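Counted from 1, the sequence shown has number 381 at position 381 by the UniProt record's numbering; the numbering is strictly sequential. Ideal Cβ placement from N, Cα and C applies to all residues, glycine included. Computed from a predicted model, the values in this text were never measured in an experiment. Working notes, structure below.
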Amino acid sequence: MKSRSLLLYVLCLLPFLWPVLCGAAYPFIEKQILFEAGGGYPSIRIPCILALPDNTVLAVTARRSRVSDWADIDMIMRRSGDGGKTWGPVTVLADAGTEVADNPVLIWDRDTKAVHFLHQVDYARVYHMQSTDGGKTFSPAVEITPQLGAFKGKYDWTVIAPGPGHGIQLKNGRLVVPVWLAAGQPLASGHGRAHQPSVTASIYSDDHGKTWQCGEILPDTLKNMNETVAVPMDDGGVMFVIRNGEPGAYSKAISRSPDGATGWTKPELNKELYSPICFGSALRISGAPDKSRILFCNPDSRVNLRPNRSGSGRARVNLTVKLSYDEGQSWPASKVIEPAHSSYSDLAMLPDGTILCLYENANKYVSLARFNLEWLTDVKDSLSK
Numbered sequence: 001m002k003s004r005s006l007l008l009y010v011l012c013l014l015p016f017l018w019p020v021l022c023g024a025a026y027p028f029i030e031k032q033i034l035f036e037a038g039g040g041y042p043s044i045r046i047p048c049i050l051a052l053p054d055n056t057v058l059a060v061t062a063r064r065s066r067v068s069d070w071a072d073i074d075m076i077m078r079r080s081g082d083g084g085k086t087w088g089p090v091t092v093l094a095d096a097g098t099e100v101a102d103n104p105v106l107i108w109d110r111d112t113k114a115v116h117f118l119h120q121v122d123y124a125r126v127y128h129m130q131s132t133d134g135g136k137t138f139s140p141a142v143e144i145t146p147q148l149g150a151f152k153g154k155y156d157w158t159v160i161a162p163g164p165g166h167g168i169q170l171k172n173g174r175l176v177v178p179v180w181l182a183a184g185q186p187l188a189s190g191h192g193r194a195h196q197p198s199v200t201a202s203i204y205s206d207d208h209g210k211t212w213q214c215g216e217i218l219p220d221t222l223k224n225m226n227e228t229v230a231v232p233m234d235d236g237g238v239m240f241v242i243r244n245g246e247p248g249a250y251s252k253a254i255s256r257s258p259d260g261a262t263g264w265t266k267p268e269l270n271k272e273l274y275s276p277i278c279f280g281s282a283l284r285i286s287g288a289p290d291k292s293r294i295l296f297c298n299p300d301s302r303v304n305l306r307p308n309r310s311g312s313g314r315a316r317v318n319l320t321v322k323l324s325y326d327e328g329q330s331w332p333a334s335k336v337i338e339p340a341h342s343s344y345s346d347l348a349m350l351p352d353g354t355i356l357c358l359y360e361n362a363n364k365y366v367s368l369a370r371f372n373l374e375w376l377t378d379v380k381d382s383l384s385k
């Protein structure tokens, strides 16, 4: 009788002990609100997050004076020194007066140990800032729009914006940032310009952010390609995961380049990456000589059958993170982070393998989810192995 009781006791404990016996961590996910709308800013949107090698985390978002892309928009930041468990106060990172300051992009330069920060003002000018102390302070903003003049000869844009979300550094040190260009006409309201029609391209720096150059515009084969995230590939190239407005597609598009600047392949829709016409983030968390692992996160609201709303696609709910083991060809593992209203997100990873997802909630909150690979894969995979 005692032996049966002991066996039953061990069997009850096995689900809790199994990760340890396998050399993996126990699966977990934790959530907290980092930013909340208020104080004259009823909307808060466009998250960007960056994790540094010393466990510092920088979280940036934009506060809006009204629910509009053309509101008085400032970018604000919080900084953590313990991997996102606790956070410092909210500080203003970029304020362009009553103009738009938005589309944050953060990049860690492993060679110079600097943080690069790019953003747009009034969807007409692009700026670069830099921090050499882990995000405690940043240099004054320097406009780099004149360096991007080559785009004008190829596409007569009236709107330009980087990212949003984190940028990347390639194995050769090159910094790569997706940008989108639109040839939109003035809005009927008299304030702002339409974000369509649009195309996607890249900008890059080969001298650690001192100067920036235009990459090629991607083949314009899908309607209104715009907000894009870049992923470094094991072969040294770059994969773009692209928002688009292709009628009835509701899927992300994929394009690849050997160097993040030239030779972009024809963008192809990936039906596994459902999108309600919304930005989504992607992040490489491991690669050669280890197993290839790439994450993708956005609202997977394919089960939402409401009629389309003009200009906004389907409902932005059911924020889902997915995992690929084959350089983005397939996505066999997935988990829901936030089933309710959730929209843009950005991803980062801590030195210990903890994954961070900064995401929007109902335009009123920007929250942080901390989780591990064990949670995402039901302990079938672990970065500890």
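CB residue i to CB residue j, shorter than 8 angstroms?
| i | j | result |
| --- | --- | --- |
| Met75 | His116 | no |
| Asp54 | Gly134 | yes |
| Lys171 | Gly236 | yes |
| Tyr365 | Phe35 | yes |
| Cys48 | Asp346 | yes |
| Lys271 | Ser301 | no |
| Trp331 | Leu323 | yes |
| Lys223 | Asn244 | yes |
| Thr56 | Arg79 | yes |
| Tyr359 | Ser334 | no |
| Ala59 | Met77 | yes |
| Pro27 | Val379 | yes |
Buried or exposed for residue i, please, with buried defined as at least 16 other CB atoms from any protein chain shown within 10 angstroms of its CB.
| i | result |
| --- | --- |
| Ser310 | A caution first: Ser310 carries a pLDDT of 45, below 50, which makes its placement in the model too unreliable to give a value. |
| Glu143 | exposed |
| Ala188 | exposed |
| Glu374 | buried |
| Thr102 | It is Asp, not Thr, that sits at residue 102 in the sequence shown. It is buried - the Cβ of Asp102 has at least 16 other Cβ atoms within 10 Å. |
| Ser257 | buried |
| Pro276 | buried |
| His88 | First, the residue type needs correcting, since residue 88 is Gly and not His in the sequence shown. Classification of Gly88: exposed, given that the 10 Å Cβ count is below 16. |
| Ser312 | With a pLDDT of only 46 at Ser312, under 50, the local geometry of the prediction cannot be trusted, and no value is derived from it. |
| Glu30 | exposed |
| His195 | buried |
| Lys154 | exposed |
| Leu305 | Because Leu305 carries a pLDDT of 45, less than 50, the predicted location of this residue cannot be relied on, and the following value inherits that uncertainty. Answer is exposed; the Cβ neighbour count stays below 16. |
| Ser139 | exposed |
| Ile33 | exposed |
| Gln130 | buried |
| Ala261 | buried |
| Tyr123 | buried |
| Ser198 | buried |
| Pro299 | buried |
| Pro104 | buried |
| His191 | exposed |
| Arg314 | buried |
| Thr221 | exposed |
| Lys210 | exposed |
| Thr61 | buried |
Under DSSP, the beta strand (DSSP E) around residue i begins and ends at which residues?
| i | result |
| --- | --- |
| Trp70 | Taken as a continuous stretch (DSSP letters only), Trp70 belongs to no beta strand (DSSP E), as it is neither H nor E. |
| Glu30 | Ile29 to Glu36 |
| Arg64 | Val57 to Arg64 |
| His208 | Counting along the chain, His208 falls outside any beta strand (DSSP E), and DSSP gives it neither H nor E. |
| Asn318 | Val317 to Ser324 |
| Ile107 | Ala101 to Asp109 |
| Ile337 | Ala333 to His341 |
| Asp95 | Thr91 to Asp95 |
| Thr228 | Thr228 to Pro232 |
| Glu360 | Ile355 to Asn361 |
| Met239 | Val238 to Ile242 |
| Ala25 | From DSSP, Ala25 is part of no beta strand (DSSP E); its letter is neither H nor E. |
| Arg45 | Ser43 to Ala51 |
| Ala114 | Ala114 to Val121 |
| Met349 | Ser345 to Met349 |
| Gln130 | Arg125 to Ser131 |
Which residue from the options puts its Cα closest to that of residue i?
| i | options | result |
| --- | --- | --- |
| Cys297 | Asp290, Gly287 and Ala348 | Ala348 |
| Pro289 | Ile217, Leu323, Met233 and Arg45 | Met233 |
| Tyr204 | Ile285, Tyr127 and Pro178 | Pro178 |
| Ala71 | Ser330, Asp95, Ser281 and Thr200 | Asp95 |
| Val336 | Phe371, Asp109 and Ser324 | Phe371 |
| Trp108 | Gln169, Thr354, Trp180 and Lys223 | Gln169 |
| Arg125 | Ile160, Arg110 and Lys152 | Ile160 |
| Leu175 | Phe151, Leu106 and Asn226 | Leu106 |
| Ile355 | Thr145, Leu368, Ile254 and Ala362 | Leu368 |
| Ile242 | Ser286, Ala249, Val231 and Asn226 | Asn226 |
| Glu216 | Tyr127, Pro164, Leu148 and Val100 | Leu148 |
| Phe151 | Glu99, Leu273 and Trp180 | Trp180 |
Within the continuous alpha helix (DSSP H) that includes residue i, where are the two ends?
| i | result |
| --- | --- |
| Thr377 | Leu373 to Thr377 |
Would residue i pass as an interface residue toward chain D - the criterion being a Cβ-Cβ separation below 8 angstroms?
| i | result |
| --- | --- |
| Leu319 | In summary, chain D is missing from the structure at hand, where a single protein chain is found. |
Checklist entry - Mind pulling the beta strand (DSSP E) runs of 3 or more residues that sit fully within the segment 140–184? => result 159–162 and 175–182
Next on the checklist: Going residue by residue through the segment 244–292, where are the continuous beta strand (DSSP E) segments of at least 3 residues, counting only ones entirely within it?
Outcome noted: 251–257, 268–274 and 281–286
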